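See below for the structure under consideration.
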Amino acid sequence: MRWLPSAILLVAAALALANAGRLSSYWMHVAIIAMYYAILAASWSLLAGYVGLFSLSHVAFASIGGYTSALLIQWRHLPIPVGMLAGVLVCGALGGAIGWVCLRMSGPYLAIFTLGFSEIVRITISTEDDVTAGMAGLHTDGLFTAATRLPYVYAAFALLAVSLLLMGALVRSRWGLFLRAIREDEQAAAASGVAVARCRILAFAIASGFAGLAGGFYAHYIGIMTPSVGDLDEMAKLVVMTVIGGMERLPTAVGGAFVVQVLLELLREYGQWRLPIFGVILLLTMRFARNGLITPFWLQFLRLGEARVSALPAAPTLPQKEPGT
Amino acid sequence: MSWDYLFVQVTNGAVIGVIYALIAVGVTLIFSILKIVNFAHGDLYMLGGYCAYYVIELLGFPPLAAMAVSMVALFVGAIVLERLLLTPLYSDATERKDEYGLIVTFGLAYFLRNSAVIAFGPFPLKPPSFIPGVQRIGNVIVTNDRLVAGLVGLALIGGLLYFMKRTIWGQALDAVSQSRDAAAIVGINARRFNSFAFGFGAALAAAAGALVAPIFSLAPDMGVLPNIHAYVIVILGGMGSVGGSIVAGLLLGESENLFTAFFPDPTRAFAYTNAFGVLVLMLVLMVRPQGLFGRRHLRME
Amino acid sequence: MRVKGRWHVTVKLAVLLAAIVMASSQLAGTPAKAADPIKVGWVGPLSPPGGYAEGALMKQAAEIAAEEVNAKGGVLGRPIQVVFADTRGKPEEGTAAAERLISQDKVVAITGEFHSSVFLAEMEVAHKAGVPIIAVDVWALKITAKGYPEVFRVAPNQALIAAKYGDWMAAAGFKNVAVVYEKTDGGQSGRDVLLPVLDKHGIKYEVVGADPASTEFTAQIERFKSHQPPFDFFMAFYSEAGAYPMVSQSHTLGFAPTARTGFANSGGPAVDPTFWKNVGQAGRYVVTEIVGLPKNAWNAKTKAFVAAYKKKYNQTPSPQAIENYDAMLVLADAITRAKSTDGKAIIAALEKTDIVLGRGRYTFSTSHEPDWAYHQFMSAPVALVQFDKVDQEAEDAPIIWPRDIADVKYTYLKPGQ
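Chains as they are written, first to last, in the working numbering: chain A, -8 to 316; chain B, 30 to 330; chain C, 34 to 450.
Here it is as structure tokens:
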């Protein structure tokens, strides 16, 4: 019965994709944006949740990825996928460099360093407006020419699925074990032979690459890039999503992105109140359910496969430490 | 460029530097006791400014008295927040306290900033001047409000230093910041000092907010940039070092002013002023991951 | 084990996606009944990081317009309902807001917006859906230059505004101008249009950009002060909160407005209700634009709106507010004449608009020459005023440009005279 959760997910995915065309244009947009944030949330959880690197420059990398792709296409008339790939590579390289530079920094220092980096990125993009068009916005070509958003739904889904597959493979490999060991105790990990430096740089490079991928997709979906794509407000939104979902697992982070983005849209009628509400939810989550609000449901769901019908184990509501999925 | 021009810029840099330092001192104080970086500090500063504004407008207090009221209000408010949100930091059951402190204060900032728009409205507000008018020394023109902010700021920082070094409570606070265990052995209740330090840091932020309100006007997102400035200063000055904050505050005020004044490309000079401070911060962290003058703090655990 | 795990990863988000499918099929809009109100969308910034102060003013004016229309029996026998959508000054939120208004709320048309970059994202959505959208206070040329039939603009655009500043500076005899602009779309496009006009008139300038979050300008102003030859004019393009400290600091440091150096800010804050409370003495002699009719040319509509706004919100409406009020009424008028809420019919009716409202007689150009003229309110009023008293409301300030509507003899009042 271990295949049961997988089968349920697969069927649900197939159903969702088959019916995606019935969504209104608005909900397609919400789904696409949610998937953009989902890629960011998953890759940020790889950094912050798995390795414990609380980077605040993650959306800045999305912004770099988007601008790289948009500008290369503008200058060199590359095909869009090539531009996006270039964005991924640039972000990966830059992310690796940032990871290398802040090897010796721990918790709060790393957060401040990356906060600084993202501010510099934002200020540079808005200042060099003869290249980037600044706050007026850089116009980009759409990935598809169709009048409907459906192709974007499929494209976003494909990108998210591929990203999750790759990141999932990584965290379940030997490397994933190393990454977690670093988070628990960096010195102990180093003592037991984990190449801490290499792991941290690798994690930064990979996570930033995925952020660049999300950013590239965003650029060619919205059709306009502005420096606000990578500002601290966006970073705060990403933290809210990932932490509320559960930052220690890829699926819960993804779930957080979906739930928060959809709720933000549903709560639009409450206007300005919807943002502070999520601030409160974040604080409550951290205070009382640090593993995230989706995590218990996810663990319960995974247990579907193991459970005997007669003796469904009573899951602890908030397991303190669970190995990754 | 003449010496006169340099003198003007250096003087202005010193005044703004003291104001920056005042904001940063709270961050440093909170860090030295609670071992967390308060990402909501800029927003406490914003709240302090608004609080003083409403005390002036609604209760008719004179500005300096309003500043004091605002400090008390934020002191109490911050202790409530600390009790509600930060207590897991002191529990042995909590893992990865750094991460907890980061996310909670980050979330608090998000909450406060977005609530402020609803609570205070979107329009910039400006309380009356402390003392209207300007002072002229040669070609230097400094508004009285800046002088008041600078002098009161210095007085507050001086008072804090005196308090830390000369009073029994302050010495206890200092002891807790150096070693919680040693402090506990000599009978200091460290828990109490957590609340106290967080409240004290918030009160200093409130003072800073009230002092700069007549200079820059109040807006719900006014805390974002000073927050980053404060980090630049505490990293330069060393996390947990009050004296270092003053030196670093002056250094930042001066270097930003001189950067704007002498950067060869005038079109970009001003736009990159904020990036300049941040760049300094990043360079310092790369060379010395624990800050320029920082003593290495033992982890809380 | 690993294969199984990968399995999970491949499909894990599907449950969530399915949940969205279900949620949205519940939420997919129900068709409007004839007795339902006619819904009109409003987009604009109501929270940071957008220009939420201006957005709030525009929202208030749109509410007044809707109340007025409904008090007179509504449109086509149905009341008008404005659905407000906050865009937070972000293109992505603008796209979402426009999508939601069109596909969920089924609005028949959209008005509003304060940020050009956001409007450019919104109008793509409106264009695809064939829903008319009236730009209220966005000045980028590209908006009408794209030539979308759905897009109309009641605001003047950069070419109409910044050119006026350039011409006026030449007429007032300024030779050396310091230009500061905030790094927002408004500030940037103001700079882009002004500089060629200054070049044309042979006026020298130095141009400086500023991070919109900055409120400390001392060092930069001192740099301007030491410039040789001295600047005789200081032109700021500020549409957000930084404008107030800019005005205060420029004045207290003795740079501008002074007998030696004039001062102007373009972008709105100088005509906001909070201007004087924030800048005090420093605001005297400041030049700014009003994008409405000058007071001596006010018609009955303008007076009625100003009175209604003052009564309801206890402050004078800003020009953006009047723009949004008029935009709502232009729309109501077009729907009435179209006798339908169909997008194409409303667009056809909008093109034939000829109505006198708070900012004069509205007509929309259908010419593509120059390209930004298409669906632009070409005679959108723009006047430069200069405060000659502290606490003066913008509507009472003397008009100095253009000369045909100026109500004072001078083109520029030098401080100290």
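For every residue, glycine included, the Cβ atom is placed at its ideal position computed from N, Cα and C. In this text the structure is predicted, and so the values were computed from the model without any measurement.
Find the nearest neighbour of residue i within the set the options, judged by alpha-carbon distance.
i	options	result
residue 348 of chain C	C/291, C/428, C/288 and C/438	C/428
residue 34 of chain B	C/261, C/203 and C/82	C/261
residue 163 of chain B	B/226, B/174 and B/122	B/174
residue 278 of chain B	B/32, B/266 and B/287	B/266
residue 290 of chain A	A/270, A/94 and A/243	A/243
residue 225 of chain A	C/76, C/77 and C/81	C/81
residue 226 of chain B	B/42, B/115, B/86 and B/93	B/115
residue 263 of chain C	C/74, C/207, C/345 and C/318	C/207
residue 118 of chain B	B/301, B/224 and B/297	B/224
In angstroms, rounded to a whole number, what distance separates the CA positions of residue i and residue j?
i	j	result
residue 296 of chain A	residue 0 of chain A	12 Å
residue 36 of chain A	residue 172 of chain A	15 Å
residue 96 of chain B	residue 155 of chain B	14 Å
residue 147 of chain B	residue 258 of chain A	16 Å
residue 40 of chain A	residue 238 of chain A	5 Å
residue 295 of chain B	residue 282 of chain B	19 Å
residue 274 of chain C	residue 128 of chain B	34 Å
residue 102 of chain A	residue 248 of chain B	26 Å
residue 375 of chain C	residue 110 of chain C	16 Å
residue 258 of chain B	residue 306 of chain B	7 Å
Could you tell me whether any Cβ in chain A is nearer than 8 Å to the Cβ of residue i?
i	result
residue 65 of chain C	Its pLDDT being 46, under 50, residue 65 of chain C is placed unreliably by the model, and the measurement read from it follows with that caveat. Taking Cβ atoms only, chain A never reaches closer than 8 Å to residue 65 of chain C, which makes this a no.
residue 359 of chain C	no
residue 161 of chain C	yes
residue 144 of chain B	yes
residue 209 of chain B	no
residue 114 of chain B	yes
residue 227 of chain C	no
residue 255 of chain B	no
residue 124 of chain C	yes
residue 294 of chain B	no
Residues in its own chain within less than 8 Å of residue i by CB, not counting five upstream and five downstream?
i	result
residue 172 of chain C	149, 188, 189, 190, 191, 194, 219, 222 and 223
residue 34 of chain C	Because residue 34 of chain C carries a pLDDT of 40, less than 50, the predicted location of this residue cannot be relied on, and no value is offered for it.
residue 268 of chain A	258 and 261
residue 215 of chain B	204
CB-CB under 6 Å to residue i, same chain, minus the five flanking residues each way: which ones, in chain order?
i	result
residue 445 of chain C	205
residue 54 of chain C	The pLDDT assigned to residue 54 of chain C is 46, lower than 50, so where the model puts this residue is not dependable; a value taken from the coordinates is nonetheless given after this. Counting only Cβ-Cβ distances below 6 Å, and skipping sequence neighbours, we find nothing.
residue 169 of chain A	185 and 190
residue 209 of chain B	219
residue 258 of chain C	288
residue 42 of chain B	282, 283 and 286
In terms of DSSP beta bridges, what is residue i paired with?
i	result
residue 394 of chain C	C/389
residue 299 of chain C	C/270
residue 242 of chain C	C/214
residue 74 of chain C	C/116 and C/143
residue 185 of chain C	C/167
residue 322 of chain C	C/417
With a threshold of 8 Å between beta carbons, is residue i in contact with chain C?
i	result
residue 246 of chain B	yes
residue 61 of chain A	no
residue 121 of chain A	no
residue 21 of chain A	yes
residue 343 of chain B	No information on residue 343 of chain B is available, as it lies outside the stretch 30 to 330 that chain B covers here.
residue 135 of chain B	no
Can you check whether the C-beta of residue i is within less than 8 Å of a C-beta belonging to chain B?
i	result
residue 256 of chain C	yes
residue 240 of chain C	yes
residue 352 of chain C	no
residue 261 of chain A	no
residue 448 of chain C	no
residue 343 of chain C	no
residue 100 of chain A	yes
residue 148 of chain A	no
Report all residues from its chain with a CB closer than 7 Å to the CB of residue i; omit the five preceding and five following residues, and keep chain order.
i	result
residue 206 of chain B	61, 62 and 269
residue 439 of chain C	432 and 433
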